[in-house]
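I have placed the structure first, in the form of structure tokens, so that the comments after it can refer back to it.
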Amino acid sequence: MGNYISKKVTSTQLPVINLSAEKEIKIIIQHWIRILNIQLGWIHEFDKLVINYAKTLFIFDTFRSSSKLLKTFGGYTMCVNSIDYSTFDGSQFICSASNDNTVCVWNVDTKKQIRSFSEHSDCVNCVKFSQYHYHNHRLNVVCSSSWDKTIRFWDIKNNQQLQLFDQHIYGVYCIEFSPFNGGRYLCSGSIDTAIRLWDVETSKALHVFYGHASSVRCVDISPVQNNNKNDNKSNNIGVIGGNGYTICSGSWDNTIRIWDIETTKQLNLLNGHEKTVNSVKYESSKSKNTILSGSDDKSVRLWDIRSGQQIQMFNGHTSNVYAVEYSPFVVNNIEAGIYSNVICSGSAIKQFAFGIFDQIRMNCM
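Set out below in structure tokens:
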């Protein structure tokens, strides 16, 4: 529990929820779990499925009595590192990555595993559904990254490996598809300290971003273009149609770095974390320029992208923070008399926390 002084929210674009504190918290956590692990779609009641799926791994003391386990997707012999969600061909699917070297695909409607890809020779760290393949080639494809140094694309329908990216020297921690050009470009971060940008259509490596002094733990691509005209003047190459977009990365070197996606130039360096940065996330609103981060130093921090300064630090976790996310909801804080934005974080000790920023008080569970 901590107190912070900051500005009042003036945006009217986000929905306002007037609920009791307990209901507000529950909605926030449910929504966060959904968007943290499920980037590409929405289905009714799926937030319940995910929160109860996550309950097999995490403890929700506040909501345990009211939670109902709908389905557990089992079969793994080792821990699950990543999941993603998508809909295609009128059905709903989950893909998952595990330390048992496999990528699995599950049909949410039938609750059955429909595919298991086992060509990775080491732990699989991250999975994402590829919307580019679906919208451009009518293929249902999952992308995965692994300690075996590779990034692989899997054709679900035909049960085969479709593409292989193998230019990283060491294991690949993280992957993220571009929000522009229909997800044609893929960003990856590796133990080899490099960030690579790939053209999914041609299977070619386009750019390499160097600057981190240690392994790259997480990456994100800005969901909106930079509105700073001065920044855009130096970003006129337009090789991939990403003019104005940036990449954010977090590393074992305790830093967060922001990169121009076209020129590979490092635009900013965010210092403040005392240990590994495990998760970074851009705020999606055009009116704001912030990045959220979570670290092994047990803190969640909010940064101003342009100045590189830390805006706020959220303390409360007692172990490493592995995941952070913004909520699109604005909650009505009756005590403070203002509307507040919400962020969420996940820790290694089976806890979820939520924080309210742009207001006076931050609460942690």
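If you count by UniProt numbering, then the sequence shown holds residues 1 to 365, one letter each, in order. Yeah, the Cβ is synthetic: ideal placement off N, Cα and C, and Gly gets one too. Just so you know, these numbers come straight off a predicted model, no measurement behind them.
I'd like the ranges of any alpha helix (DSSP H) spanning at least 4 consecutive residues and lying wholly in the UniProt repeat "WD" (117 to 164). Whole alpha helix (DSSP H) segments, 4+ residues: 131 to 137.
Tell me where the beta strand (DSSP E) around M313 begins and ends. Boundaries of the beta strand (DSSP E) harbouring M313: Q310 to F314, taken from the DSSP string.
Residues near D166 by beta carbon distance below 8 Å, same chain, minus five either side: In chain order, K149, T150 and I151 place their CB closer than 8 Å to the CB of D166, counting only its own chain and leaving out the 5 sequence neighbours on each side.
So what does DSSP say about G74, is it helix, strand or coil? Here DSSP, grouped into helix, strand and coil, assigns G74 to coil.
Under 7 Å, do V280 and C218 count as touching if we go by C-beta distance? In terms of Cβ geometry, V280 and C218 form a close pair [threshold 7 Å].
For K204, which beta-bridge partners are listed by DSSP? In the DSSP output, where bridge partners are listed per residue, K204 has D199.
Which one or two residues does DSSP pair with D84 in a beta bridge? Per DSSP, C95.
Apply the 10 Å Cβ neighbour rule to I169 and answer buried if 16 or more other Cβ atoms are within range, or exposed otherwise. Of the residues assessed, I169 falls on the exposed side of the cut-off, its CB having fewer than 16 other CB atoms within 10 angstroms.
Taking the alpha-carbon of N81 as reference, which of T87, N136, S145 and E325 has the nearest alpha-carbon? Sorting T87, N136, S145 and E325 by C-alpha distance to the C-alpha of N81 places S145 at the top.
Can you name, in chain order, every residue of its own chain whose Cβ lies under 8 Å from the Cβ of S347, other than the five neighbours on each side? Within the same chain, S347 has close Cβ partners K298, H317, T318, S319, N320, V321, Y322 and A353.
I believe W252 touches T276 by the beta-carbon criterion, under 8 Å. Please report the beta-carbon distance rounded to the nearest angstrom. Your pair W252 and T276 checks out as a contact, with CB atoms roughly 5 Å apart and the cut at 8 Å.
Would you list the residues sitting across from G250 in a DSSP beta bridge? Answer by DSSP bridge pairing, in chain order: C218 and I256.
Coarse secondary structure for G189, derived from DSSP in three states: DSSP places G189 in strand when its eight states are reduced to three.
Here's a check: name, in chain order, each residue in its chain whose Cβ is nearer than 6 Å to the Cβ of residue 372, leaving out the five neighbours to either side. The question about residue 372 has no answer here: the residues shown for the chain are numbered 1 through 365.
Consult DSSP for G346 and reduce its assignment to one of helix, strand or coil. Three-state result, G346: strand.
Tell me C79's beta-bridge partners as DSSP assigns them. Under DSSP, C79 shares a beta bridge with no residue.
Checking the sheet assignment: what are the DSSP bridge partners for K111? In DSSP, K111 forms no bridge with anything.
Less than 7 Å between the C-beta atoms of R301 and Q309, yes or no? Cβ distance not < 7 Å, so R301 and Q309 don't count as in contact.
Straight-line CA distance for V108 to F117? Straight-line Cα distance between these residues: approximately 18 Å.
What residues in its chain sit with their C-beta under 6 Å from that of W42, if we drop five residues either side in the sequence? Only weak support exists for where W42 lies, its pLDDT of 39 falling under 50; the value from the coordinates is given anyway. Result list for W42: empty, nothing under 6 Å.
Please return the same chain residues whose Cβ sits closer than 6 Å to the Cβ of Q163, not counting the five positions on each side in sequence. In the same chain as Q163, and ignoring 5 residues on each side of it, the C-beta atoms closer than 6 Å to its own belong to F153 and S203, in chain order.
How about Y273 and N289: do their beta carbons lie closer than 7 Å? A quick correction: the sequence has His, not Tyr, at residue 273. Result no, Cβ atoms of H273 and N289 do not sit closer than 7 Å.
Comparing C-alpha positions only, which one of Y85, S190 and V141 sits nearest to N125? The shortest Cα separation from N125 among Y85, S190 and V141 belongs to S190.
What is the rounded straight-line gap between the Cα of L292 and the Cα of V216? For the pair L292 and V216, the Cα-to-Cα distance works out to about 16 Å.
Rounded to the nearest angstrom, what separates E262 and Y185 at their Cα positions? The straight-line gap from Cα to Cα measures roughly 12 Å.
Using the DSSP secondary-structure output, state which residues sit across from T290 in a beta bridge. For T290, the pairing in a beta bridge is given by DSSP as D304.
Among N159, S130 and W147, whose alpha-carbon lies nearest the alpha-carbon of N181? Of the candidates N159, S130 and W147, the one whose C-alpha sits nearest the C-alpha of N181 is S130.
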